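**Student:**
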Amino acid sequence: MTTDGPTSGDGLRLRSIPSVVDNDRAYWTAGAGGVLRLPFCESCGRWFFPPADTCPACSGPVGFRDTGGTGTVYTFTVNVQRYRPDLPTPYVIALIELDDQAGLRVPGNVVGCEPDDVKIGMRVEVSFEPATSRDEPDGDLFVPVFTPTDSGTGAESGEGRR
Ligand SMILES: [Zn+2]
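As structure tokens, this is what we get:
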């Protein structure tokens with residue numbers, strides 16, 4: 181199967197993302213600066229995800245703030261079914277709990293290691309893959325993904341956190 185998606189000028193495979201809208205644009209574009217930027221409620225003083233026009237907790241005004249981009253694998257699954265042409269299988273879909281705020285979890289692929297090596301509790305940091313949207317083929321868009329850091333095996337022995 182060689183159903184590769186569109187590629188960027190230097191041959192990198194481009195990820196496809198949904199339409200970018202006002203309340204999530206900062207999330208999809210922050211990768212240009214290598215930063216994981218998430219919606220932040222100015223009233224609660226807390227990040228949340230996914231993006232929304234108002235805070236899901238208090239309906240307060242939303243801005244975007246940079247996170248540190250590091251965290252741990254909270255849970256994950258390995259997908260072996262090829263649903264999308266832009267993602268070779270198998271790939272890991274994980275929920276990452278970020279260090280910036282307890283309970284702040286974002287979805288993302290874990291890359292840079294074999295799917296079998298991904299463990300709950302594993303330390304990861306954000307990196308970015310160039311992306312394209314059908315509406316904005318030339319947009320400067322990026323998909324946040326996560327790569328293992330240091331030992332990459334995590335402190336806990338696997339299945340502890342549920
Ligand atoms: Zn709020």
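Here our numbering is used: the sequence shown runs in plain steps of one and ends on residue 342. Note that beta-carbon positions come from the ideal geometry of N, C-alpha and C, so glycine has one too. These figures come from a predicted structure and were not determined experimentally.
Tell me whether T269 is buried or exposed, calling it buried when 16 or more other Cβ atoms sit within 10 Å of its Cβ.
**Tutor:** Position 89 of the sequence shown holds residue 269. Answer is exposed; the Cβ neighbour count stays below 16.
**Student:** Whose C-beta lies closer than 7 angstroms to the C-beta of D280 among residues of the same chain, with five residues either side of it excluded?
**Tutor:** Start at 1 with the first residue of the sequence shown, and residue 280 comes out as number 100. Correct list, in chain order: W227, T247 and G248.
**Student:** Compute the minimum distance between the beta carbon of S223 and the heavy atoms of ligand 1, and state whether it is under 6 angstroms.
**Tutor:** In the sequence shown, the residue the question calls residue 223 occupies position 43. S223: yes, Cβ under 6 angstroms from ligand 1.
**Student:** Count the other CB atoms within 10 Å of the CB of A282; is the residue buried (16 or more) or exposed (fewer)?
**Tutor:** Taking the first residue of the sequence shown as position 1, residue 282 is located at position 102. It counts as exposed.
**Student:** Per DSSP, which one or two residues make a beta bridge with D246?
**Tutor:** One-based indexing of the sequence shown puts residue 246 at position 66. D246 pairs with R217.
**Student:** Check whether the region 318–330 touches the region 291–310, taking contact to mean three or more Cβ pairs, one atom from each stretch, closer than 8 angstroms.
**Tutor:** With the cut-off at 8 angstroms, the region 318–330 and the region 291–310 touch.
**Student:** Do you know how far the Cα of V242 is from the Cα of P236?
**Tutor:** Here residue 236 refers to the residue found at position 56 of the sequence shown. Here residue 242 refers to the residue found at position 62 of the sequence shown. Whole-angstrom Cα-Cα distance: 10 angstroms.
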